[in-house]
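J.:
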Amino acid sequence: MKQRGRHRRRRRGRALRAFLSGAALALTAAATMISASQATVADDPGALKPLTSTAETARLRLTENLVPPGDLGRLAGGMGRPVGVTDVLAGADHTLRGAADCSSDEKQALPVAPAATRAYCWNAADTDGWRPGAVTTSGDADDDGRWGAHRVILSGWTDPAGPAGERGLARVAFVDADDLDHLSYTWVLLAVPVDGGRDYRGLASHVSGMVWYEDKLLVTADDGDRAALYVYDMNRVQRATVEAEAVGRVPGGWSAHGCRYVLPAVGSYRLGRADGTPRPGAVSLDRSTTPDSLVAGEWTSGDGAGQARLWRYSFSTAAGRSGLLATDAKGRVHPAEAYRTKISEVRGVLSVGAHWYLSRAADDGDGPGGLWRQDTDGARATRCGAEGGRTCWSPRTESLSYWQETGEVWSQSARMLFALPLTSIDRSLD
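In mature numbering (1 follows the signal peptide of the UniProt record, and there is no 0), the protein residues as written are -42 to -1, 1 to 388.
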């Protein structure tokens, strides 16, 4: 069981060579879609606009609410001793297909340019009816890139309907990434303790944002639960004991809608209800700040009704608060900085140094989207095609996760999980 990671092991040269040894994947099928939608992305969204007024930043303030330890203890007492990530990986019972075994239709979800250097596809039978969401990795959890002895990828999915009595369900695939030529995984249901820890319900939200930092997993909740973030302890995974469609306590034990494991929330961070409060759509980790920070992007529509906000919160460095955000004496989390961008329909957000990387959905919902790098000096987009069009990115990536140790950005779209070097994104900018 890995504790708060402050040992910064640097083995970048060897790990980078191991991770980036493959050649770029051939993506010619997606390239034919460039011209159909390239005129729909803004020509120049300009520079980020800093938000400095108290009225603007107050709307971004969070309030921390931790589940009482007694409730978590009661749930563990009923379900059995919690397990860790290593135990979950040992029970991996599914595999991802490599790019060579993915169909041309599945590969349409990959970026046109820059090309993915790693790509895998999820099986239709295992994901049918589920909507893909955010990605985070053990590269977020600790900057040595490992959790214990393992490299791990977490992939979030949502069932919009859910079983009877539920408003959708959220689950996470725990992917064993020790061998990048053979990814295996198993499902863990995200849950929320109820009735003082005597039961749990499913998290009712689309998983559009997810960050694994130290021993905590932070997940956006933007639908049924309508909170900014839910917090999960990676050392508190519980085993389901009954295989059924139900969620929670059932005759004979505990069920997790077919998942073998359950991860109960240990807390949440809630935004206020005032007018103008944003709806967070994406989050990611930024290790280039001191302390490390969580960055967030606002979901907005593409009708020009408003400009998206981007902001960050600092992680706590206090003893006993591993993986939690920094709070004041009243349990409030204040944004460390905030901006507005003219880019609408922001789906994925990433911040490295002074640069913010923003993925934008395709206007027609099917064609390639856009990927911009923006800062307080201006904006540049990735380019592709003979005419240098700006619709080069994957159609529906809702998450960007930077694996610092390897220099790779991980994301997923439709049934494709993929990665590519951040340097290749920078080289593709106009």
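Where a beta carbon is used, it is the ideal one built from N, C-alpha and C, also for glycine.
Taking only beta-carbon atoms, is R267 less than 8 Å away from chain B?
T.: Note that chain B does not occur in the displayed structure, where there is just one protein chain.
J.: What first and last residue would you give for the alpha helix (DSSP H) that runs through R385?
T.: Residue mapping note: residue 385 aligns to position 427 of the sequence shown, counting from 1. Here the alpha helix (DSSP H) through R385 covers 380 to 385.
J.: What is the residue span of the alpha helix (DSSP H) that D29 lies within?
T.: Here the question's residue 29 lines up with position 71 in the sequence shown. Counting along the chain, the alpha helix (DSSP H) containing D29 begins and ends at 27 to 37.
J.: What residue from W115, H140, E172, S213 has the CA that sits closest to R159's CA?
T.: Here the question's residue 159 lines up with position 201 in the sequence shown. Here the closest residue by C-alpha is S213.
J.: Which residues does DSSP pair with N23 in a beta bridge?
T.: The sequence position of residue 23 within the sequence shown is 65, counting from 1. Note: N23 sits in a beta bridge opposite S226.
J.: Closer than 7 Å by C-beta to A(-17): which residues in its own chain qualify, once you throw out the five before and the five after it? Chain order, please.
T.: Start at 1 with the first residue of the sequence shown, and residue -17 comes out as number 26. With a pLDDT of only 42 at A(-17), under 50, the local geometry of the prediction cannot be trusted, and no value is derived from it.
J.: Terminal residues of the continuous alpha helix (DSSP H) containing E14?
T.: The count along the sequence shown starts at 1 and reaches residue 14 at position 56. That run of the alpha helix (DSSP H) goes 12 to 16.
J.: Count the other CB atoms within 10 Å of the CB of D244; is the residue buried (16 or more) or exposed (fewer)?
T.: Taking the first residue of the sequence shown as position 1, residue 244 is located at position 286. So D244 ends up on the buried side.
J.: Please report the straight-line C-alpha distance between V310 and D384, rounded to a whole angstrom.
T.: Residue mapping note: residue 310 aligns to position 352 of the sequence shown, counting from 1. Residue mapping note: residue 384 aligns to position 426 of the sequence shown, counting from 1. If I take the Cα positions, the gap works out to 12 Å.
J.: With the cut-off set at 8 Å, would you say S163 and D183 are in Cβ contact?
T.: The count along the sequence shown starts at 1 and reaches residue 163 at position 205. The count along the sequence shown starts at 1 and reaches residue 183 at position 225. Taking 8 Å as the Cβ cut-off, S163 and D183 qualify as a contacting pair.
J.: For a test of the three-state rule: what should DSSP assign to S142, helix, strand or coil?
T.: The sequence position of residue 142 within the sequence shown is 184, counting from 1. Of the three classes helix, strand and coil, the one that applies to S142 here is strand, per DSSP.
J.: So G106 and V43 are supposed to be a Cβ contact under 8 Å. How far apart are they, rounded?
T.: Along the sequence shown, read from residue 1 onward, the residue named residue 106 stands at position 148. Along the sequence shown, read from residue 1 onward, the residue named residue 43 stands at position 85. 7 Å between Cβ atoms; contact.
J.: Starting from the Cα of S242, find the closest Cα among R231, L187, G225 and give me that residue.
T.: Sequence index remark: in the sequence shown, residue 242 carries index 284 (1-based). It is L187.
J.: What residue does the alpha helix (DSSP H) around E64 start on, and which one ends it?
T.: Numbered from 1 along the sequence shown, position 106 holds the residue referred to as residue 64. Start and end: 62 to 65.
J.: So, at 6 Å on beta carbons, what are the nonlocal neighbours of G154 in its own chain, with the 5 sequence-adjacent residues on each side left out?
T.: Working through the sequence shown from its first residue, we reach residue 154 at position 196. Hits under 6 Å: D29.
J.: Is it right to say H215 is buried, meaning 16 or more other beta carbons lie within 10 angstroms of its own, or is it exposed?
T.: Sequence index remark: in the sequence shown, residue 215 carries index 257 (1-based). By the 10 Å Cβ count, H215 comes out buried.
J.: Please name the residue or residues paired with E295 in a DSSP beta bridge.
T.: For the purposes of this step, residue 295 is taken as the residue at position 337 of the sequence shown. In DSSP, E295 forms a bridge with R270.
J.: Could you tell me the alpha carbon to alpha carbon distance between G(-21) and R267, rounded to whole angstroms?
T.: Working through the sequence shown from its first residue, we reach residue -21 at position 22. Working through the sequence shown from its first residue, we reach residue 267 at position 309. Low confidence applies to G(-21): its pLDDT is 45, below 50, so where it sits in the model is not reliable, and the reading given next is rough at best. Distance between the alpha carbons of G(-21) and R267: 37 Å.
J.: Which first and last residues belong to the alpha helix (DSSP H) in which T355 is found?
T.: The count along the sequence shown starts at 1 and reaches residue 355 at position 397. Premise fails: T355 is in no alpha helix (DSSP H) and is neither H nor E.
J.: Got a sec, what are the start and stop residues for the alpha helix (DSSP H) A83 sits in?
T.: Counting from 1 along the sequence shown, the entry for residue 83 is found at position 125. Per DSSP, A83 belongs to the alpha helix (DSSP H) from 82 to 85.
J.: If you measure between the beta carbons of G114 and M168, is that distance less than 8 Å?
T.: Your numbering for residue 114 matches position 156 in the sequence shown. Your numbering for residue 168 matches position 210 in the sequence shown. Yes.
J.: By a C-beta neighbour count over all protein chains shown, 10 Å radius and 16 as the cutoff for buried, is residue 389 buried or exposed?
T.: This structure does not reach residue 389, given that the chain is present from -42 up to 388, and the question cannot be answered.
J.: How is A372 classed by DSSP in three states: helix, strand or coil?
T.: Translated into positions along the sequence shown, residue 372 becomes position 414. Correct three-state label for A372: coil.
J.: Select from T285, F132, T94 the residue whose C-alpha is nearest the C-alpha of V307.
T.: For the purposes of this step, residue 307 is identified with residue 349 of the sequence shown, where counting begins at 1. When only C-alpha atoms are compared, the closest one is T94.
J.: Quick test of the definition: if touching needs 3 or more C-beta pairs under 8 Å, does the stretch 330 to 347 touch the stretch 61 to 77?
T.: They touch, by the three-pair rule.
J.: For D45, report the span of its beta strand (DSSP E) as first-last.
T.: Along the sequence shown, one-based indexing puts residue 45 at 87. It is not in any beta strand (DSSP E) - D45 instead sits in the alpha helix (DSSP H) that spans 43 to 48.
J.: Quick one: residues in its chain with C-beta nearer than 8 Å to the C-beta of W314, no 5 flanking neighbours on either side, listed in chain order?
T.: Counting from one through the sequence shown, the residue named residue 314 turns up at place 356. Cβ within range, chain order: L6, V253, L268, Y297, T299, V307, L308, R331, Q332, D333.
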